[in-house]
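Reviewing the structure listed below.
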Amino acid sequence: MAILIVVAISILIVGLGLWGVASPASLLAFARRWQSRTGFWVAFAFRLLFGGTLWWVAPSSRAPLGIQVLAAATVISGLALPLMGYSRYLSLLSWWSGLSPGFVRVWCCAALAVGIFIFWSVIG
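Start counting the sequence shown at -15; every next residue gets the next number (the working numbering).
Here it is as structure tokens:
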């Protein structure tokens, strides 16, 4: 079951990456919808749960160390959210919304690569 969750989320990451490459403005509009306290806590919980699930499936993956590094980074980024606070979270989203479309596309290419790597690692 954990592998299915990771596969589904890796497909979501790939989809978001493709969306951002194709239409950075609409992806940023979607991201602005998360500018709420609920979005803040959803991001916190999602990162902790996804990071934990990545850690869980890492030993059976093709790249256990790589998946564990991503898992640790995901959990750390989740734990950092409450430490940075809601106002800084809003500032970060505002900063992200102001980036150039070219920069957003490059960042989304990185997300696309990470999503493909996770998918490849856990399938097979």
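For glycine and all other residues, C-beta sits at the position ideal for the given N, C-alpha and C. Bear in mind the structure is a predicted one, so any value in this text is a computation, not a measurement.
Proximity winner among the options, relative to residue i (alpha-carbon distances)
i      : options                        : result
LEU54  : LEU67, GLY(-1), TRP40          : TRP40
PHE101 : ILE(-11), ILE(-5), MET(-15)    : ILE(-5)
PRO8   : ARG89, GLY108, PHE103          : ARG89
SER71  : LEU0, ILE(-7), ALA(-14), ARG21 : ARG21
SER81  : TRP18, GLN52, PHE103           : TRP18
PRO66  : VAL98, ALA47, VAL26            : VAL26
PRO85  : TRP3, LEU49, ALA64, LEU(-12)   : TRP3
Assumed close pair residue i, residue j - CB separation to whole angstroms, cut-off 8 angstroms
i       : j     : result
GLY77   : ARG31 : At residue 77 the sequence reads Leu, which differs from the Gly that was named. About 15 angstroms separates the two Cβ atoms, so there is no contact after all.
LEU11   : ALA95 : Between ALA95 and LEU11 the Cβ distance is about 10 angstroms, and since that is not below 8 angstroms, they are no contact.
LEU33   : ILE51 : Rounded, the Cβ-Cβ distance is 15 angstroms, inconsistent with contact.
VAL(-9) : CYS93 : In fact, because the Cβ distance is near 21 angstroms, the residues do not count as touching under 8 angstroms.
Chain D contact for residue i (CB, 7 angstroms cutoff)
i      : result
TRP104 : The structure shown has no chain D; it contains just one protein chain.
Proximity of residue i and residue j at Cβ, strictly below 7 angstroms
i      : j      : result
SER61  : VAL106 : no
VAL175 : GLY35  : The structure shown does not extend to residue 175, since the chain spans only -15 to 108, so no value can be given for it.
TYR73  : PHE14  : no
GLY56  : PRO48  : According to the sequence displayed, residue 56 carries Ala and not Gly. In this structure, PRO48 does not lie closer than 7 angstroms to ALA56 by Cβ.
Note down, one range per segment and in chain order, each alpha helix (DSSP H) of at least 4 residues found wholly within the region 31 to 74.
48 to 68
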